[in-house]
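Notes follow the structure.
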Amino acid sequence: MSDVHGGNGAHGGGGSFSVDSPQFAVAARHPGRTEKVTVVCFLVSFAAFAAFGGAFWQNASNEWIGGTLGVGLFFLGAGMVAWGKYLMPRGPFEEPRQLMTTTKEEREVLVGDFVTRGRVAIARRSMLAKTMALASGVFGVVALFPLLRSLGPLPKNSFYTTKWRKGSYLTAVDGRRLHTSDVAVGGAVTVFPEDDIGGALSQTMLIHVKRGVNIVTKPGRETWGPDGFLAFSKVCTHAGCPVGLYEEQTEQLLCPCHQSLFDVNRGAIPIFGPAPRPLAQLPLYIDEAGYLRSQAGYDEPIGPGFWERGGTT
Amino acid sequence: MIDSLFAWIDNRFALSRGGRHLLNKIFPDHWSFMIGEIALYSFIVLVATGVFLTLYFIPSAHDVVYNGPYKPLDGQVVSQAFSSTVDLTFSVRAGLLMRQMHHWSANIFVGSICVHLMRVFFTGAFRRPREINWMVGTTLLILAIFNGFLGYSLPDDLISGTGIRIAFSILESLPLVGSYLATFLFGGAFPGNGIIIPRFYVLHVLILPLLIFGLLGAHLGMLVRHKHTQFKGKGAREDNVVGTPLWPAFMAKTTGFLMLITGITALLGALVQINPIWQYGPYVPYKVSYAVQPDWYMGWLDGALRVMPSWEIHFPGHMIPNAFFPAILLPGITFNLIYAWPLLEAMFTGDRAEHHLLDRPRDRPLRTAFGAAVFAFYFVLFGASATDVLAHYLVVSLNYVLTAFRVLCIVVPIVVFPVAYKICKEMQGTPGAGQRKRHNVVVRSADGGYDAVQTAVYPGYELPELEPIPVDEVDLVSAMVDPDPPTEGVYRIPRRYS
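Next comes the structure, spelled out in C-alpha cells:
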C-alpha cells in the first residue's frame, strides 16, 4: 500500500513513485488552515442561499435577491476551487498523447474500403446513381426558392416612393395641419402626410429658417422654400437614422447615430461625417389659408443607398 | 443500492471498460486556459436565464396600452414586445435580476470568446492539428455577436429599434441582392410588416442557440480528441499532457469556477444596472436619443460606420452604398482573415508540423506584432463608436474628434507593430522574463564578497518544479490516503477517500 508502482523511467519519470512523492502532497502550505477557510466559504454560501430563499419569498428588492444569490454562488464556487486547488494531490500528472499524424498505410485501409465499396456499388448500377443525383440536385436548388421567396414581398418600388403627394398637408405627429404661424423662426418640427402619421419613411423635418424670404437651396428649386420654410426627409442617407437634431445658430442638421452634418441652406448637403448624399428635399407651398403643403412627393429615393438606386443625386 | 443501480446501468453500456481513462484525463494548469471556460460557463448562464425570460416575453410588434407599476409609461401605446419586457422586469419576481444577468452574461460571453481567441492566436494554439477547431471557434464568435445583437434588439426600445433600422440599411447596401434580402427579411421596406420581432425571436432563442450548441459540442469534441495544448515546462513534451486529472481535482476546480462566474454574474445583475429600456422608452421611428451606442461587441462596427469617409461608388444605373464598406466589407475581410490565418501562417513560415507545445508570444515576434497591430486597429474603431460622448466629455468639437479617429485608425497600427516587435525581441534577451518576480537579497560572504541571491516565491516555501507522474501507472486513491499526515495537528486524513 505504501509503494505505488509507476513510472517506467523512459518517460523522464525516474523509477517508481511512492506515496511520499511530493506530487501526491496537497498544494496547500497549511492544509488545516485552508480546510477551515474552505468550510467557512461553504457556511457563508449556505447562509446566503437561505437568505436568497427568504428574499425571493418576500419579493425583496433586486439588490437583495441577486445579492444573496450571487454571494451564495460565489462562496460555493470559492470553496470548491480551494478544495480542488489546495487540498488535492498537487501533481503534476501526465498522460500520453497520440499524435494526429497518420501514415499512408493507415489511411489507405480506410479510404480503400470506402472507395472500393462505393465504386463497386455505383458502377454496378450507374443509372440509379445518375437519376438519384439528378433528383437530389434539383431538390437542392428548388428548395431554396420557397425558403427565401416566401419570406417577404419583392422590393418593387417601395424604396422609391413615400406617402407624400401633390397637395399633402404637412401634419404634426398629433394630427394637426401645420399653419405658417405654428412654427417660429429657428423652429423645427417633424411632419408627416395626413395618411401616414408616424410613418418611418415619410418622416420629414420642417424647418423655419427665416421669415419673408423665399429660400432657393439649389438651381431648379426656386419655389421650394416659401417664406423661409424648408422641408427635408428625416431619414439619413448614411444608415437611415432619423436626422433629429437641428442646430438653429449654424442652420445645420445633425444625425445623432453617426454624426453626419447637413447644411440646411444649401439643400442639406453633407458637410461632415460619413453621409454620402444630401437629404431629399420636399417642395413646399403655402395655400390661401396659410397651411403648409407639398407641391409633390420627393423627386428622388429617400434614405440610404441601395444597388438599384444608381445616379449621383 | 447505488452499487446495484450502477451495475444495472453498466451492464447495459459497459462504462467500466475504459472509463478510468476519462477520470484520468489531464488538464494542464495555466491561467490562460480558464478564459475559454468563462465563455462556456457564461453560455450556461445565458441558456438558464434566457429560458426564464422566454416564459414571460411576448415577441410581438402589436400595439398595446401599457398599464403597470412603472408610472412614467402608464397609458402609453407601446409594442407588446416592449410592454412584456417592462412587465417581466417590474412585475415578475426576480425578473429584473434574470434580465440583467442575461444581458451581463451576453457581454461576458462575447468578451471571453474574444480574449480566448487572442490567447489561442498569440500562443500559436491554432496550428496543426487544430486549424479546423480554430475555424469552428471563429464561427462561434460570429454567431455569438449575431445572437447578442438579435437579443438586445428584441425589447423594441428606442436604442435597439434604431439599431434594427441601421441593420436594415446595412442589409440594403449589399450589391445585387441587398434590397431583396432586406424586404424578404423585414416583410417589406423598413419598418416592414411587424414580422421582424418574431423572426429575430426565433433566431435568437432557437436557431442560433442550436447552432452554437452544436458547434460548441464539436469544439469540445475536437479538444478531447486532440487533448490540450500546454506550455513548455518540466516534463511537458509534444507527446504527453501534464497537469491535473479530471477526477476529482479538476472537477472540483472547474465546477467551482462555474459557480464563481454565475455568482459574479448574479452580483452584476443585482447591483449594476444594464440596458434600462424603460428609461429609453419604446421605439418610435422618427425619434432618436442622444449618445446612441450599441453593446460593446458591436462597437467596432459602429465606429467603422462613423469614421468611414463619405464615399459611395456610382456607375450607370447602379451604386454601392457607403454603409457597404464599413459594415459588410470590413467584417468580411476581418473574419475571412481570421478563418484563413492558420493556413496563411503555415504558408509563410513553411511550418506544417504538428504542434502541441505552445509558443510564448515573445518567441514569435512577427506574429505577435501583427496580431497586436490588428487588434489595435479594432480597439481604435471601438473607441470611434464613442466620438459623440468623447467630444461632449472633452468639450471639443465633434469634427476634431472624428478627424482624430480617422488618423488614429491608420497611425495606431503602424506604431503598435514595431513597438510590439521590439518588446518581444527585448523580452527574448531578458533572463527570467515571464517568470514570477523574486526579490534579490545581497549577501556578504565571509571573505568579504557580495552576492545577489534570489529569494523564494514565498518566505520559507519553495515550490520546486516537479517531474510529472504518469497518471495511468499509479493508484491515485492509495496515494491520496496519505499514510503519513503532516505534523500540523489539525490536519486530518480525508476519510472519504479510504
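Protein sequence lines correspond, in order, to chains A and B.
Take the first sequence: its letter number 169 is residue 176 in the numbering used here, and every next letter is one higher.
Take the second sequence: its letter number 362 is residue 418 in the numbering used here, and every next letter is one higher.
Just so it is clear, CB atoms sit at the ideal spot from N, CA and C, and this is done for glycine as well.
The structure presented is a predicted model; accordingly, all values stated were derived computationally and were not measured.
List the residues of chain A that residue i touches, going by C-beta distances under 8 Å, in chain order.
i              : result
residue 164(B) : In chain order: nothing, as chain A lies at least about 14 Å away.
residue 306(B) : 91
residue 444(B) : 263 and 266
residue 158(B) : By Cβ distance, chain A contributes nothing, its closest Cβ being about 12 Å from residue 158(B), past 8 Å.
residue 314(B) : 84
residue 239(B) : 159, 160, 161, 162 and 165
Within 10 angstroms of the Cβ of residue i, are there 16 or more other Cβ atoms? Answer buried if so, exposed if not.
i              : result
residue 547(B) : Interpretation of residue 547(B) is limited by its pLDDT of 37, a score under 50 that renders its predicted location unreliable; the figure taken from the coordinates is listed afterwards. That one is buried.
residue 283(B) : buried
residue 536(B) : buried
residue 310(B) : buried
residue 392(B) : exposed
residue 241(A) : buried
residue 55(A)  : buried
residue 301(B) : buried
residue 14(B)  : In the structure as shown, chain B begins at 57 and stops at 554. Residue 14(B) is therefore absent and cannot be evaluated.
residue 102(A) : buried
residue 140(A) : exposed
residue 464(B) : buried
residue 127(B) : exposed
residue 323(B) : buried
residue 220(B) : buried
residue 149(A) : exposed
residue 296(A) : exposed
residue 290(B) : exposed
Helix or strand or just coil, what does DSSP make of residue i?
i              : result
residue 79(B)  : helix
residue 261(A) : strand
residue 211(A) : strand
residue 177(A) : coil
residue 292(A) : strand
residue 332(B) : coil
residue 253(A) : strand
residue 339(B) : coil
residue 135(B) : strand
residue 382(B) : helix
residue 90(B)  : helix
residue 250(B) : coil
residue 53(A)  : helix
residue 97(A)  : coil
residue 353(B) : helix
residue 110(A) : coil
residue 272(A) : helix
Quick one: which chain A residues come within Cβ less than 7 Å of residue i?
i              : result
residue 311(B) : 87
residue 221(B) : 247 and 248
residue 367(B) : 283
residue 150(B) : 63 and 72
residue 169(B) : Correct list: empty, because the minimum Cβ distance to chain A is about 21 Å.
residue 374(B) : 314, 315 and 317
Going along chain B in order, which residues have a C-beta closer than 7 Å to the C-beta of residue i?
i              : result
residue 166(A) : 235 and 245
residue 30(A)  : 522 and 525
residue 311(A) : 225, 228, 229, 377 and 379
Residue j and residue i - do their beta-carbons sit closer together than 8 Å?
i              : j              : result
residue 102(B) : residue 202(B) : no
residue 379(B) : residue 209(B) : no
residue 255(B) : residue 241(B) : yes
residue 158(B) : residue 106(B) : yes
residue 182(B) : residue 427(B) : no
residue 389(B) : residue 231(B) : no
residue 287(B) : residue 414(B) : yes
residue 237(A) : residue 224(A) : yes
Against residue i, what residues of chain B qualify as contacts under a CB-to-CB distance less than 8 Å, listed in chain order?
i              : result
residue 197(A) : 342
residue 139(A) : Near residue 139(A) there are no residues of chain B at all, since even the closest Cβ is about 28 Å away, more than 8 Å.
Contact check, residue i vs residue j under 8 Å by CB: the rounded distance?
i              : j              : result
residue 458(B) : residue 348(B) : Not a contact, Cβ separation roughly 15 Å.
residue 231(A) : residue 200(A) : That pair is no contact at about 17 Å.
residue 212(B) : residue 138(B) : 5 Å
residue 272(B) : residue 99(B)  : 7 Å
Run through chain A and tell me which residues come within less than 9 Å of residue i, C-beta to C-beta.
i              : result
residue 288(B) : Result: empty, since nearest Cβ-Cβ is about 13 Å, beyond 9 Å.
residue 283(B) : 102, 104 and 105
Name, please, each residue of chain B whose Cβ falls closer than 9 Å to the Cβ of residue i.
i              : result
residue 208(A) : 245, 246, 247 and 341
residue 194(A) : Ordered by position in chain B, no residue passes the 9 Å Cβ test against residue 194(A), which lies about 16 Å from the chain.
residue 66(A)  : 149 and 150
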